[in-house]
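The structure under discussion appears below in the form of structure tokens.
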Amino acid sequence: MFSSKHLLSKSVLFGKSVASKSTLSFPNTIKIRNSIPSSLISHLQRRSLFIQTEQTPNENALKFIPGTEIIQENEKTLEVKSRKEAIGNPFATKIFGIPGIETLFFGKDFITIVKDPDYKWQLLKPELLSIMMEYFSTNQPILTDKYREKMTKPTQPENTDIDTNEIVAEIKELLDTRIRPSIIEDGGDLEFIGFDIDTGILRVSLHGACRGCSSSEVTLKNGIESMLKYYIPEVSSVESVQTELEALNVSEFEKFESKLKKLP
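Structure, rendered in structure tokens:
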């Protein structure tokens, strides 16, 4: 995920030592798996100047910056984690049609794609760029209101305890002002799930480039947890949890895997 040694600095939570920007390019030596025509490759090379890629601390996550707004300022970031979740969104469906794609994360002005470790970016980039240019050239919204409504989780009822609400408000403010901006800049996000005032445990969910990053647990404990405990004494621990939908997806996969093992 992110290096924890920079987490407690005044204005920057996460170091950018491994992040670098580059325009998407197409080396002549790369053999594209689906044999994209040379004329299309030439076209994409010219158009690639408009889409930048930025490495993230997670080597399996790449941030695509198209130079246009993806979601509006007042909208939440959105993560699509499977082909099933992509149903209803033609763009996401096409992205998940590429073997090796694990998650798709929409930020304000960027898209983070997380791949399977067994696949190489040099083979995935041309196909991803082709799909992105197809959609961005139409000036149509990547995320429709109907699809966002489908992906929006039901709002949890507010706690009626005044003290708890005040603490939760402080936690959310700290997350939104000191922690989430740096995570979003690196192609991910952090979502508040809940806070138990009796145990002091804060539950959050990590998205985008944070997902599957080898150092995410270290960062969560040494960086995010340390800062929250320092400013808000009521917080005793921060835990990363699966959302209900993620847990359901894992459960369904385990059932499917169990059926495969029973086959002769």
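Residue 7 is where the sequence shown starts when you use this note's numbering, and the numbers rise one by one after that.
Note that the Cβ used here is the ideal one computed from N, Cα and C, for glycine as well.
**Request:** Assuming L110 contacts I104 (C-beta within less than 8 Å), just tell me the rounded distance between them.
**Result:** Wrong, their Cβ atoms sit about 11 Å apart, outside the cutoff.
**Spatial distance of G106 from I207 (CA atoms)** = Between the alpha carbons of G106 and I207 lies a gap of roughly 35 Å.
**Request:** Measure the alpha-carbon distance for Y237 versus K152 and round it to whole angstroms.
**Result:** 39 Å
**Asked** Among P187, P72, N64, which one has its Cα closest to the Cα of F56?
**Response** P72
**Prompt:** If you count every other CB in all the chains shown that lies within 10 Å of the CB of L30, and 16 or more means buried, which is it?
**Reply:** Confidence at L30 is low in this model, with a pLDDT of 41, below 50, so its placement is unreliable and the value that follows should be read with caution. Result: buried.
**Item:** Backbone CA spacing between F198 and F142 [nearest angstrom]
**Value:** 31 Å
**Length of the line joining the Cα atoms of M138 and E172** = Put simply, the backbone Cα of M138 is about 43 Å away from that of E172.
**Message:** Quick check on this structure: which residue in P147, E245, G229, P96 has the alpha carbon closest to the alpha carbon of E75?
**Reply:** Among P147, E245, G229, P96, the Cα nearest to that of E75 is on P147.
**Prompt:** On the three-state DSSP scale, how would you describe T150?
**Reply:** coil
**Asked** Tell me, which residues are paired with V120 by DSSP?
**Response** According to DSSP, which records beta bridges pairwise, V120 is partnered with A67, T109.
**Segment limits, alpha helix (DSSP H) that includes S136** = 127-142
**Message:** In whole angstroms, give me the CA-to-CA distance for R184 and T205.
**Reply:** Within the model, the alpha-carbon separation for R184 versus T205 is close to 24 Å.
**Asked** Quick one: what's got a C-beta closer than 7 Å to L181's C-beta in the same chain, skipping five residues either side?
**Response** Cβ neighbours of L181 beyond the five flanking positions: L196, F198.
**Prompt:** Could you give the distance in angstroms between the alpha-carbon of K69 and the alpha-carbon of E191?
**Reply:** 9 Å
**Request:** Could you tell me how far apart the beta carbons of E85 and G214 are, in whole angstroms, since I believe they sit closer than 8 Å?
**Result:** 6 Å
**Residue range of the unbroken alpha helix (DSSP H) whose run includes E91** = 89-92
**Asked** Can you name the residues that DSSP bridges to E85?
**Response** F111
**Item:** Environment of S54 [buried if 16+ CB atoms lie within 10 Å]
**Value:** Only weak support exists for where S54 lies, its pLDDT of 48 falling under 50; the coordinates are left without a value.
**Request:** Return the CA-CA distance between P96 and F102, expressed in angstroms with no decimal places.
**Result:** 10 Å
**Asked** If you count every other CB in all the chains shown that lies within 10 Å of the CB of T59, and 16 or more means buried, which is it?
**Response** buried
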